[in-house]
Amino acid sequence: MSARGGGWGPTPGAHAFPTRRYDLVREFVIALIVMTALSVVGALVFSSPDERAISLQQWARQAPADVVATAAGELAGTTTTAGYG
Numbered sequence: 052m053s054a055r056g057g058g059w060g061p062t063p064g065a066h067a068f069p070t071r072r073y074d075l076v077r078e079f080v081i082a083l084i085v086m087t088a089l090s091v092v093g094a095l096v097f098s099s100p101d102e103r104a105i106s107l108q109q110w111a112r113q114a115p116a117d118v119v120a121t122a123a124g125e126l127a128g129t130t131t132t133a134g135y136g
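If you count the sequence shown from 1, position 39 lands on 90 in this note's numbering, and the numbers rise without skipping.
Right, dumping it as structure tokens:
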């Protein structure tokens, strides 16, 4: 009796086991379709809303005093962003 085999005998050949048709291309195509569908659904569920960004022109029309105060602060170097870096 050998230490590895334990007296079980030889392993039967692959031809002794039942087989069935197996198509890797079909499985790949199905997996690709499923992953594409999951990606599209995830993008739709977790996407951010498409809100338009405000432009400088819109900001100047809505709050002209705020634009002037911000510009003066930037030029004077007193705003947070003016002193950054």
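Just so it is clear, CB atoms sit at the ideal spot from N, CA and C, and this is done for glycine as well.
Inset, instruction - Output the distance between the C-alpha atoms of THR132 and LEU126, rounded to the nearest integer angstrom. - result: 11 angstroms
Inset, instruction - Report yes if the C-beta distance between TRP110 and ASP101 is below 9 angstroms; otherwise report no. - result: no
Legend entry - ARG72 versus ALA82 - alpha carbon distance: 18 angstroms
Inset, instruction - Answer yes or no: do GLY136 and GLY128 have a C-beta to C-beta separation smaller than 9 angstroms? - result: no
Inset, instruction - With DSSP as the reference, label PRO100 as helix, strand or coil. - result: coil
Inset, instruction - May I ask you to report which of helix, strand or coil DSSP gives SER90? - result: helix
Legend entry - Distance cut-off 8 angstroms: THR132 Cβ against heavy atoms of the ligand COA: No copy of the ligand COA appears in this structure; indeed no ligand is present at all.
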